[in-house]
Amino acid sequence: MSEQKAPLLQMRNIKKDFFGNQVLTDINLELGAGQVLGLVGENGAGKSTLMKILFGAADIAATGGYGGDILLDGEKVSFSSPFDAIAAGIGMVHQEFSLIPGFEAEENIVLNREPKKSNLLSEIFGDRLDTLDRKAMDETAVKAIEKMGVNIDRHMVISSMPVGHKQFTEIARELSKDQLRLLILDEPTAVLTEREAEALLDSIRGMSARGISVIFITHRLQEILSVCDTVAVMRDGVLVEKVPAKQTSVQEITRWMVGRSVDDSGKGARGAAEPANENAKTVLKIEKLWVDMPGETVRNVSLEVKEGEILGIGGLAGQGKLGIPNGIMGLYEAGGRVEFEGTEIPLNSPRKCLDSAFAFVSEDRRGVGLLLDESLEWNVAFPAMQIQNKFLKNYLGGLIKWRDDNAIREVTEKYIDELKIKCTGSKQNARELSGGNQQKICLAKAFALEPRVLFVSEPTRGIDVGAKALVLDALKKFNRENGVTVVMVSSELEELRSTCDRIAIVSGGRISGILPASSSVEDFGTLMLNNVI
Amino acid sequence: MNTEKNKTTSVDWGSILRQASVPIMFIIICAVCIPISGLSANMLINEIVTRMGRNSFLILSLLIPIMAGMGLNFGMTLGAMAAEIALILVSDWQIVGIPGMVLAAIVSVPISILLGVFCGKILNEAKGREMITSYIMSFFVNGIYQLIVLYLMGSIIPIKHATIKLPRGYGIRNTVSLLGMRQKLDNLLAIKVAGVKIPVLTFIIIGLLCLFIVWFRRTKLGQDMRAVGQDMEVARDAGINVERTRIISIVMSTVLAGIGMIIYLQNMGNIATYSAHSQIGMFCIAALLVGGASVDKASIGNVFLGVILFHTMFIVAPRAGAYITGDSMIGEYFRVFVSYAVITLALIMYETNKRRMRSAAGQQLAAAQEKEEKAGKGTSEKGGDQA
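Laid out in structure tokens, this is it:
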């Protein structure tokens, strides 16, 4: 590689904040032509945001742009849309497939760049009436697939393809662009089988030999080591390490990723202070659970929850931790067996779950969790009223049920008080509250059901630090004082460690291990990356 | 398009039967009704051929919006209204025969384009609810049509001939005769085969439209429409102007529907000014569905099979009804009832198929899990026992 000219890509002091919330701080990266950069970091470390900035994604500009400079070949560039980035030779393969399901691989590879032949009508009405040049399309597709080095059937319809081939189709599409110089692969191996992943790594080596630079984002550290020239580790929006791949190891990278000096492990972990009662009986038994939740597929999960404990479920995004509570509560198609105190709970039936004294605080606060345009009173009391006939006055021997507004107000005010919900009063609409206070209302709603088992999904997502502590304390208090078993799903390991007794780590849709909360961060990190898909 | 060929290796008879359930049902209805109706084969075939010439063009106009993922589109009613306005004007100008039809087509096109753009823009605001939105919009535009025909024609838009105008001096009569145009297209080049009159020229025009549609699918615009129809977000990411493509598809549909309506009305020989368009959308959509089309997939074959089956039922059901109950109105009732039933059935089937696809994904997961268990691997990954 000629070192005298400027490297292909330089990123200088990239900064980005979302409404004052700093997500990237002074990122400096350089990438030469034909080099492969491995980018790793936990969820929320800022990898995706950084790549979005590089690719000119619309939501970056919509949230106030970014700070710092991006240079291509030593020249400053500023992309206002992904199309500018593509024109400049940057390609990106996203985690979600961007393919037309009913089209053949070939049609997808040349989508909207189809070679065309003009004809009489197109002369009159414009070039959109050009006919497609199927032969030239064929040639382009064949060339791109050859370049990729992984053979796929170019005439196969996407919807009937195995998921790995879809991924390869996307990569071939990027490779078919002649101007391509830099390819961003965002967790491409997540959906691949081992052999396919191996083929992809070969393909990346091939691209690099052709002079195409690659930024490779993955959670599979072994892949990074085997294919990348450089490894960049991000944590909390900061580039913490950037080293040649040859000089590091999986253990070292894991440590950089989870960060936080190792000696604070165990501190604040609840398990250490109050060891869980080993003899507690099993209250909830999950066997061979599968859940078809898009992006959070659960495969063959067996789990036992003990009475009165707080069980944490952690893991990286997209590995299936959210699928577990959503599947049990019947929000997504699920199969397997769930037993509560020895009786089987039918799946795919939210009502049956609620009837058997389960409650669920969804991660989708605004969608599933709240009636946004109703008062706090309604939000708190509605499920209890609907499911358990609480807060109702019966007349004529139960023939007519009348809402007991006084009782509703009382209970709402009690929770507003207990959870320190900031609002103008129990009649305020839920929409007007801040995120943290909305989350507290969701909790109050679940508490009002007086459940035996409470599922809480991402209870602190998108709320500020102060509110976080309050929400977690409320959960702990509810668990301890009422003896309610809590299953808490969260992507923040620290939060799980400070709240839970035991923590199950989900990886690749399966439970990769269960550890007491006092275990070291590194142990959890290893489990998280264990069989990542 | 033979995109199906790779889908399944083994023939799935269940799903084929499900797909073809509506056509099969109609074949049975027709097979039962034909002998009861007592119609001669000659007369029956004559009627079917006439109706194929009359309706096919209109129904073909529905194919392009379906391709663009806009579903069964009642926007075609707008084109039908444009054609009626054009025909009223042309018959007032006393231009008859084929030149009159061509002129009417020329007059209808700009009106159709205008209405099509309007319709397309509104449907872009109501993505995923195109069918009901276009249906309600056809009622709204019907109001504007009535304003024009009932009040503006004769007062602002000059109408000379008293045979068209209402006696009060403005507004159009209930029926406008198209005697000068009546079956002019059908009779030109018509041939008789074994007593069956075949309107060759009409069929040639329909054939040309079919060729156009086949060709259009292979153009860039056609490919874009198919892409937009299957996944708007992906198409947008690829740089296709989704909104514009959708508007173009609706405009093409209204323009073609306008021309189709002119062919339809020349065969009828008169315009029922205030009702000719009112049910045309529903009957066309019903016919297409009877031919085996669905909300997101329709072919030229569906159009012709649909015309034949749906109209055979139209012809024989009243007579069969009259024979059985002694009341010929039963047939009229039956056709409206069946049209709505078919559309409802098609919509239900579309939704259940979608749900079936979703649960199939779940079944796949369960099967994979079972297989894995049989293979006896994955013991190390099973949690619970580790704690």
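Protein chains in written order, with the numbering used here: chain F, 1 to 533; chain E, 1001 to 1387.
Heads up, the beta-carbon is just placed ideally off N, CA and C, and yes, glycines get one too.
Taking a contact to mean a Cβ-Cβ separation below 7 Å, would you say residue i touches residue j in this structure?
{"i": "proline 1253(E)", "j": "isoleucine 1064(E)", "result": "Here residue 1253(E) turns out to be serine, not proline, going by the sequence shown. In this structure, isoleucine 1064(E) lies closer than 7 Å to serine 1253(E) by Cβ."}
{"i": "arginine 1051(E)", "j": "histidine 1311(E)", "result": "yes"}
{"i": "glycine 1260(E)", "j": "serine 1061(E)", "result": "yes"}
{"i": "leucine 284(F)", "j": "valine 301(F)", "result": "no"}
{"i": "valine 970(E)", "j": "leucine 1265(E)", "result": "Examination of residue 970(E) is not possible in this model, given that chain E is present from 1001 through 1387 alone."}
{"i": "isoleucine 1034(E)", "j": "valine 1316(E)", "result": "yes"}
{"i": "alanine 87(F)", "j": "phenylalanine 55(F)", "result": "no"}
{"i": "phenylalanine 1057(E)", "j": "isoleucine 1206(E)", "result": "yes"}
{"i": "arginine 1244(E)", "j": "serine 1037(E)", "result": "no"}
{"i": "leucine 99(F)", "j": "lysine 166(F)", "result": "yes"}
{"i": "glycine 53(F)", "j": "isoleucine 60(F)", "result": "Reading off the sequence shown, one finds isoleucine at residue 53(F), where the question assumed glycine. Contact: yes."}
{"i": "alanine 141(F)", "j": "glutamate 170(F)", "result": "no"}
{"i": "isoleucine 1250(E)", "j": "glycine 1120(E)", "result": "yes"}
{"i": "threonine 1219(E)", "j": "leucine 24(F)", "result": "no"}
{"i": "valine 537(F)", "j": "isoleucine 310(F)", "result": "It is not possible to answer for residue 537(F), since the shown part of chain F is limited to 1 through 533."}
Around the Cβ of residue i, are there at least 16 other Cβ atoms within 10 angstroms (buried) or fewer (exposed)?
{"i": "aspartate 405(F)", "result": "exposed"}
{"i": "methionine 1329(E)", "result": "exposed"}
{"i": "isoleucine 124(F)", "result": "exposed"}
{"i": "leucine 331(F)", "result": "buried"}
{"i": "proline 459(F)", "result": "buried"}
{"i": "aspartate 26(F)", "result": "exposed"}
{"i": "phenylalanine 1337(E)", "result": "exposed"}
{"i": "tyrosine 1145(E)", "result": "buried"}
{"i": "glutamine 1369(E)", "result": "buried"}
{"i": "lysine 267(F)", "result": "Model confidence at lysine 267(F) stands at a pLDDT of 42, short of 50, so the residue's coordinates are unreliable; what they give is reported in the following sentence. That one is exposed."}
{"i": "phenylalanine 455(F)", "result": "buried"}
{"i": "serine 1222(E)", "result": "First, the residue type needs correcting, since residue 1222(E) is glycine and not serine in the sequence shown. Glycine 1222(E) is buried by the Cβ-count criterion."}
{"i": "histidine 1161(E)", "result": "exposed"}
{"i": "proline 516(F)", "result": "buried"}
{"i": "arginine 1168(E)", "result": "exposed"}
{"i": "threonine 1325(E)", "result": "exposed"}
{"i": "serine 519(F)", "result": "buried"}
{"i": "leucine 120(F)", "result": "exposed"}
{"i": "aspartate 1231(E)", "result": "buried"}
{"i": "serine 1112(E)", "result": "buried"}
{"i": "valine 214(F)", "result": "buried"}
{"i": "serine 80(F)", "result": "exposed"}
Measuring from the CB of residue i, is there a heavy atom of the ligand MG at a distance below 6 Å?
{"i": "alanine 1235(E)", "result": "In terms of ligand content, the structure shown is empty, and the ligand MG therefore cannot be addressed."}
Which residues in the same chain as residue i place their Cβ atom closer than 6 Å to its Cβ, once the five residues preceding and following it in sequence are excluded?
{"i": "arginine 452(F)", "result": "Ala357"}
{"i": "glycine 74(F)", "result": "Ala6"}
{"i": "isoleucine 1159(E)", "result": "Asp1092, Met1153 and Lys1165"}
{"i": "leucine 493(F)", "result": "Gly314 and Phe524"}
Near residue i, which residues of its chain fall below 7 Å by C-beta distance, leaving aside the five closest residues on each side in sequence?
{"i": "valine 1176(E)", "result": "Ile1088, Ser1091, Ile1164, Asn1270, Ile1271 and Thr1273"}
{"i": "valine 1228(E)", "result": "Ala1068, Gly1069, Ala1235, Ile1240, Val1242, Thr1245 and Arg1246"}
{"i": "arginine 1389(E)", "result": "Residue 1389(E) is absent from the model: chain E starts at 1001 and stops at 1387."}
{"i": "arginine 461(F)", "result": "Glu363"}
{"i": "lysine 288(F)", "result": "Asn300, Ser302, Gly336 and Arg337"}
{"i": "glycine 1097(E)", "result": "Gly1180, Met1181 and Lys1184"}
{"i": "tyrosine 608(F)", "result": "No statement about residue 608(F) is possible, as the shown extent of chain F runs from 1 to 533 and does not include it."}
Please list, in chain order, all residues of the same chain as residue i whose beta carbon is under 8 Å from its beta carbon, the five residues on each side excluded.
{"i": "asparagine 437(F)", "result": "Ile421, Lys422, Cys423 and Ala467"}
Is the segment 36-45 of chain F close to the segment 226-238 of chain F, with three or more CB pairs under 8 Å?
When C-beta atoms of the segment 36-45 of chain F are compared with those of the segment 226-238 of chain F, three or more pairs fall below 8 Å, so the two segments count as touching.
Below 8 Å, how does it come out for the segment 131-139 of chain F and the segment 107-116 of chain F: are there three or more Cβ pairs, yes or no?
As far as the Cβ criterion goes, the segment 131-139 of chain F touches the segment 107-116 of chain F, which means the pair count is three or higher.
Below 8 Å, how does it come out for the segment 313-329 of chain F and the segment 280-296 of chain F: are there three or more Cβ pairs, yes or no?
The segment 313-329 of chain F makes contact with the segment 280-296 of chain F, as at least three CB pairs between them are under 8 Å.
What runs of the beta strand (DSSP E), each 3 residues or longer, lie entirely inside the segment 429-461 of chain F?
Segments of the beta strand (DSSP E) lying fully in the segment 429-461 of chain F: 453-457.
Touch check for the segment 12-21 of chain F and the segment 178-193 of chain F: three-plus C-beta pairs under 8 Å?
Output reads no: the segment 178-193 of chain F does not touch the segment 12-21 of chain F.
Hey, which unbroken runs of the beta strand (DSSP E) at 3 residues or more fall wholly within the segment 328-389 of chain F?
Scanning the segment 328-389 of chain F from its first residue to its last, the whole beta strand (DSSP E) runs of 3-plus residues come out as 334-340, 343-345 and 358-361.
Would you mind listing the alpha helix (DSSP H) stretches within the segment 1298-1342 of chain E that are 4+ residues and don't spill past its ends, in chain order?
The qualifying runs are 1300-1325.
Within the chosen definition, does the segment 403-417 of chain F reach the segment 368-378 of chain F through at least 3 CB pairs nearer than 8 Å?
Touching, per the Cβ criterion.
At least 3 beta-carbon pairs within less than 8 Å: the segment 494-503 of chain F vs the segment 231-238 of chain F
A contact is defined here as three or more CB-CB pairs under 8 Å, and the segment 494-503 of chain F fails this definition with respect to the segment 231-238 of chain F.
Pairs of beta-carbons, one from the segment 1334-1353 of chain E and one from the segment 1294-1306 of chain E, closer than 8 Å: are there three or more?
These segments touch.
Would the segment 431-449 of chain F count as touching the segment 384-395 of chain F if we require 3 or more Cβ pairs under 8 Å?
Contact between the segment 431-449 of chain F and the segment 384-395 of chain F is present, with at least three C-beta pairs closer than 8 Å.
Segments of 3+ residues assigned as beta strand (DSSP E) that fall wholly inside the segment 188-245 of chain F
The segment 188-245 of chain F contains, as complete beta strand (DSSP E) runs of 3+ residues, the segments 213-217, 230-235 and 238-244 (chain order).
Length-filtered (4 minimum) alpha helix (DSSP H) runs lying within the segment 1222-1266 of chain E:
Listed in chain order, the complete alpha helix (DSSP H) runs (minimum 4 residues) inside the segment 1222-1266 of chain E are 1232-1237.
May I have a chain-ordered list of the beta strand (DSSP E) segments no shorter than 3 residues that lie completely inside the segment 66-134 of chain F?
Runs of the beta strand (DSSP E) inside the segment 66-134 of chain F: 67-72, 75-77 and 90-93.
Unbroken alpha helix (DSSP H) runs of length 4 or more, entirely within the segment 1085-1118 of chain E: which are they?
Within the segment 1085-1118 of chain E, complete alpha helix (DSSP H) segments of at least 4 residues are not found at all.
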